[in-house]
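Structure first, then comments.
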Amino acid sequence: MTRAVPSAILSALSNAEIEPFYAVDLAFQSGALKLWTGYGDKTISSATYTGTGTLLSIEGLEEAGDLSARGTTITLSGLANTVLTYALTEEYQGRLVTIYWGLNGVSDVVEVFSGYMDQMTILDEAESATIKLTVENRLITLERPNIRRYTSESHKAVRTSKGLSGSDSFFDWVSGLQDKSIVWGREVQAGDEAT
Numbered sequence: 098m099t100r101a102v103p104s105a106i107l108s109a110l111s112n113a114e115i116e117p118f119y120a121v122d123l124a125f126q127s128g129a130l131k132l133w134t135g136y137g138d139k140t141i142s143s144a145t146y147t148g149t150g151t152l153l154s155i156e157g158l159e160e161a162g163d164l165s166a167r168g169t170t171i172t173l174s175g176l177a178n179t180v181l182t183y184a185l186t187e188e189y190q191g192r193l194v195t196i197y198w199g200l201n202g203v204s205d206v207v208e209v210f211s212g213y214m215d216q217m218t219i220l221d222e223a224e225s226a227t228i229k230l231t232v233e234n235r236l237i238t239l240e241r242p243n244i245r246r247y248t249s250e251s252h253k254a255v256r257t258s259k260g261l262s263g264s265d266s267f268f269d270w271v272s273g274l275q276d277k278s279i280v281w282g283r284e285v286q287a288g289d290e291a292t
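Per this note's numbering, residue 98 is the first one in the sequence shown, and the count goes up by one each step.
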């Protein structure tokens with residue numbers, strides 16, 4: 098995937114020493130959980146990310162030249178009970194996850210991965226808990242079949258789910274087109290089906 102890297106990051110990469118970090122935005126239904134791989138709070142795009150230090154790890158970030166849907170795994174270890182509550186009480190599957198990469202001292206970040214939460218495995222120990230979250234790439238939706246049909250009923254259901262009002266009768270005529278004979282580019286001969 099082609100992405101633009103901000104000029105501030107490009108110029109900071111020429112420094113003798115750099116401090117890279119990852120930031121993860123987990124969009125749970127009750128609110129977003131924003132974490133980063135440093136210490137203390139960090140403001141990224143006017144949002145506050147909580148530092149996890151070495152307790153947050155990301156595996157499988159891989160750039161592909163084709164349109165293959167490669168996922169990643171996020172591991173959170175040594176978590177407090179408040180973070181564990183998200184894993185135990187939230188409907189998390191299909192919720193958005195965004196991973197950013199940046200450099201300390203530079204306010205800009207680069208989005209390196211975006212996908213959907215898939216499976217969450219919890220390992221509960223005496224002092225802390227470890228959560229391993231597998232995340233599907235957004236491209237996985239290209240592999241799923243489309244359940245919509247070109248019918249009036251399907252179209253009305255979509256309009257209702259999106260809160261659209263008014264009448265749209267376009268798909269009312271689709272079923273009549275299936276066996277319709279359309280004369281195109283020639284004269285109508287006697288015996289041709291009436292149009």
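Idealized CB from N, CA, C, for every residue including glycine.
Quick caveat, the model's predicted, so the values are computed rather than measured.
At least 8 Å separates the beta-carbon of GLY148 from that of GLY157.
Annotated as distal: VAL206 and ALA109, with beta-carbon spacing of 8 Å or more.
For the 8 Å CB-CB criterion, ALA184 and ILE155 do not form a contact.
Cβ neighbours of VAL271 within its own chain (closer than 8 Å, five residues either side excluded): TYR247, THR248, SER249. In this structure, DSSP gives LYS259 a state outside helix and strand, which the three-state scheme calls coil. If the five residues before and after GLN216 are omitted, its C-beta is found closer than 6 Å to the C-beta atoms of THR231, all from its own chain and listed in chain order. Beta-bridge pairing by DSSP links GLY212 to VAL194, ASN234. For ALA226, the number of other beta carbons within 10 angstroms of its own is at least 16, and it is reported as buried. A distance below 7 Å between beta-carbons, with the five flanking residues on each side excluded, links SER127 to the following residues of its chain, in chain order: GLU187. Burial check for ILE244: the Cβ neighbour count within 10 Å stays below 16, so the residue is exposed. For LEU153, the beta-bridge partners assigned by DSSP are LEU173. CA-CA distance, ALA124 to TYR189, rounds to 9 Å. The beta carbons of ASP122 and THR195 sit about 4 Å from each other, so the pair counts as a contact at 8 Å. For VAL102, same chain residues with a beta-carbon under 8 Å away, outside a window of 5 residues either side, are VAL207 in chain order. Going by DSSP, ILE141 is part of the beta strand (DSSP E) stretching over 138-141. Per DSSP, reduced to three states, the secondary structure at TYR247 is coil, with no helix or strand assignment. Around the Cβ of ILE279, a 10 Å sphere holds fewer than 16 other Cβ atoms; the residue is exposed.
Counting along the chain, the unbroken alpha helix (DSSP H) around VAL271 starts and ends at 271-274.
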